[in-house]
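Just so you know, the sequences run in chain order F and Z.
If you count by numbering that gives the first Met the number 0, then the first sequence holds residues 0 to 142, one letter each, in order.
If you count by numbering that gives the first Met the number 0, then the second sequence holds residues 0 to 142, one letter each, in order.
Even for Gly, the Cβ is constructed at its ideal location relative to N, Cα and C.
Predicted model, so just to flag it, every value in this text is computed and none were measured.
One structure is given below, encoded as structure tokens.
2 protein chains.
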Amino acid sequence: MKNLSDTSCPIARGLTCVGDAWSMLILRDASLGLNRFDEFRKSLGIAPTILTRRLATLTEEGLLEKRRYSERPPRDEYVLTAAGRDFLPVLVLLGAWGRQYRGEGRLARYIDAETGAEIEPVAVDAVTGAKIGTRPIRVATPE
Amino acid sequence: MKNLSDTSCPIARGLTCVGDAWSMLILRDASLGLNRFDEFRKSLGIAPTILTRRLATLTEEGLLEKRRYSERPPRDEYVLTAAGRDFLPVLVLLGAWGRQYRGEGRLARYIDAETGAEIEPVAVDAVTGAKIGTRPIRVATPE
DNA sequence: GGATGTTACTATCATTTCGATATGAAGTCA
DNA sequence: TGACTTCATATCGAAATGATAGTAACATCC
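Encoded structure:
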């Protein structure tokens with residue numbers, strides 16, 4: 000896919016760094032506490048070549064950060080940056096969509112770790128409080 | 000990418016149908032009112048081969064629906080289904096992320112068509128009202 | 001009525017990416 | 001010394017991508 004980072008669309012901009020399934024699944028796992036190469040590999044069943052590339056891209060793009068957790072032997076792990084952590088809501092919302100429209104059979108559920116209640120994610124406009132999608136949206140392109 | 004639709008993770012389920020950048024951009028355009036092959040092609044600069052395939056997949060997956068708008072000559076257009084419309088919040092949130100972390104230069108803004116105010120999308124838990132990401136999340140896997 | 005235009009594609013094919021498997025590097029541990 | 005761990009890279013066939021050209025089925029203009 001061609002480089003979209005020069006468009007004025009923030010969605011396209013977002014997709015240039017995280018526009019594929021593996022990257023999003025890595026971010027999902029990272030958000031759930033995984034950090035190491037082999038943890039990702041085993042969790043995802045991803046080929047190591049691809050994993051290496053995806054981790055490198057996500058690191059370059061500033062969603063992950065390489066951190067040395069052992070000097071001898073030299074070992075690195077990947078931790079989420081602020082940008083990476085802030086991607087979680089997108090994933091959670093995608094999950095909510097998946098639950099609603101691809102929810103056949105047993106599905107994992109996301110639970111508030113403190114209250115124990117199941118989370119019901121919705122996107123709202125912080126200004127009006129209205130659910131996104133219930134009011135028509137217009138796009139204002141910069142001059 | 001391998002088929003993830005049998006996992007219990009709703010995020011992975013979602014990604015099996017819409018896990019690539021072109022599909023999401025098509026859904027974005029469809030949400031903004033585009034419907035026809037050539038509208039998508041011109042808006043995205045996508046090769047017609049790829050566009051054909053993506054439209055077919057999105058139609059099979061039930062996010063778009065083919066509708067004949069002219070009998071002679073035979074012409075079809077693509078309209079969003081309920082599932083397709085409900086994907087918009089995911090895109091809007093992705094856009095909010097893109098604005099925050101890839102927002103250099105001039106960016107399009109999303110405007111409430113009625114009030115004219117800029118939309119500030121956030122994901123919240125409908126139960127607690129808390130912003131997603133501000134409270135720790137646990138995953139409950141089905142037995 | 002022939003030329004040209006419109007719309008939604010398909011054919012072809014070089015390039016790119018994916019992904020499975022094997023291997024390497026830099027150590028530790030017994 | 002030899003097995004084990006962890007984070008990768010090398011190789012290579014298969015699959016997807018994408019640029020370009022062409023086609024089918026009409027409408028419209030002169």
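Requested in this report: Answer yes or no: do F/R66 and F/E76 have a C-beta to C-beta separation smaller than 8 angstroms?
Outcome: By 1-based counting over the first sequence, the position of residue 66 of chain F is 67. By 1-based counting over the first sequence, the position of residue 76 of chain F is 77. Yes; because the gap between Cβ atoms is below 8 angstroms, this pair is in contact.
Query raised in the report: Taking the alpha carbon of F/L24 as the point to measure from, which residue in F/T51, F/V78, F/L90 has its own alpha carbon closest?
Result: Sequence index remark: in the first sequence, residue 24 of chain F carries index 25 (1-based). Nearest C-alpha to F/L24: F/L90.
Requested in this report: Kindly indicate which three-state DSSP category F/P147 falls into: helix, strand or coil?
Outcome: Residue 147 of chain F lies beyond the stretch modelled for chain F, which goes from 0 to 142, so this question has no answer here.
Query - Listed by chain order, chain F residues near Z/F86 by CB distance under 7 angstroms - result: Numbered from 1 along the second sequence, position 87 holds the residue referred to as residue 86 of chain Z. Chain F residues near Z/F86: W96.
Query raised in the report: Given Z/L106, which residues of its chain have a CB within under 7 angstroms of its CB, disregarding the five upstream and five downstream residues?
Result: Within the second sequence, residue 106 of chain Z is the residue found at index 107, counting from 1. Contacts found: R98.
Query raised in the report: Are there 16 or more other CB atoms within 10 angstroms of the CB of Z/A135, so buried, or fewer, so exposed?
Result: In the second sequence, counting from the first residue as 1, residue 135 of chain Z sits at position 136. What sits at residue 135 of chain Z in the sequence shown is Pro, not Ala. So Z/P135 ends up on the exposed side.
Requested in this report: Just the chain F side, please: which residues come within less than 9 angstroms of Z/R105 by C-beta, in chain order?
Outcome: On the second sequence, position 106 is the one that residue 105 of chain Z refers to. Simply S7, T140, P141, E142.
Query - Buried or exposed (CB count within 10 angstroms, at least 16 for buried), Z/A29 - result: The residue given as residue 29 of chain Z occupies position 30 in the second sequence. That one is buried.
Query raised in the report: Which stretch, first to last residue, makes up the beta strand (DSSP E) that contains Z/T79?
Result: Against the second sequence, residue 79 of chain Z aligns to sequence position 80. First, the residue type needs correcting, since residue 79 of chain Z is Leu and not Thr in the sequence shown. Looking at the DSSP string, the run of the beta strand (DSSP E) that includes Z/L79 is 74-79.
Query - Cβ-based neighbour list, F/P47, same chain, cut-off 7 angstroms, excluding 5 preceding and 5 following - result: The residue labelled residue 47 of chain F in the question sits at position 48 within the first sequence. Closer than 7 angstroms at Cβ, skipping near neighbours: R40.
Query - Nearest-angstrom Cβ-Cβ length linking F/A49 and Z/D124, presumed shorter than 8 angstroms - result: On the first sequence, position 50 is the one that residue 49 of chain F refers to. On the second sequence, position 125 is the one that residue 124 of chain Z refers to. In the sequence as presented, Ala is not what sits at residue 49 of chain F; that position holds Ile. So it is not a contact: roughly 33 angstroms between Cβ atoms.
Query raised in the report: Nearest chain F C-beta to Z/T56 closer than 8 angstroms, yes or no?
Result: Working through the second sequence from its first residue, we reach residue 56 of chain Z at position 57. Not closer than 8 angstroms to any Cβ of chain F, the Cβ of Z/T56 fails to qualify, so no.
Query raised in the report: How far does the beta strand (DSSP E) with F/P120 in it reach, from first residue to last?
Result: Here residue 120 of chain F refers to the residue found at position 121 of the first sequence. Taken as a continuous stretch (DSSP letters only), the beta strand (DSSP E) holding F/P120 covers 120-124.
Report task. Could you tell me whether the Cβ of Z/E119 comes closer than 8 angstroms to any Cβ of chain F? Result -> Numbered from its first residue, the second sequence carries residue 119 of chain Z at position 120. Judged by the 8 angstroms Cβ criterion, Z/E119 is in contact with chain F.
**Report entry** Completely contained beta strand (DSSP E) runs for the region 77-117 of chain Z, where each covers 3 or more residues
**Finding:** 108-111
Report task. Give a yes or no on whether the C-beta atoms belonging to F/P120 and Z/G94 are separated by under 8 angstroms. Result -> On the first sequence, position 121 is the one that residue 120 of chain F refers to. On the second sequence, position 95 is the one that residue 94 of chain Z refers to. Cβ atoms of F/P120 and Z/G94: not closer than 8 angstroms.
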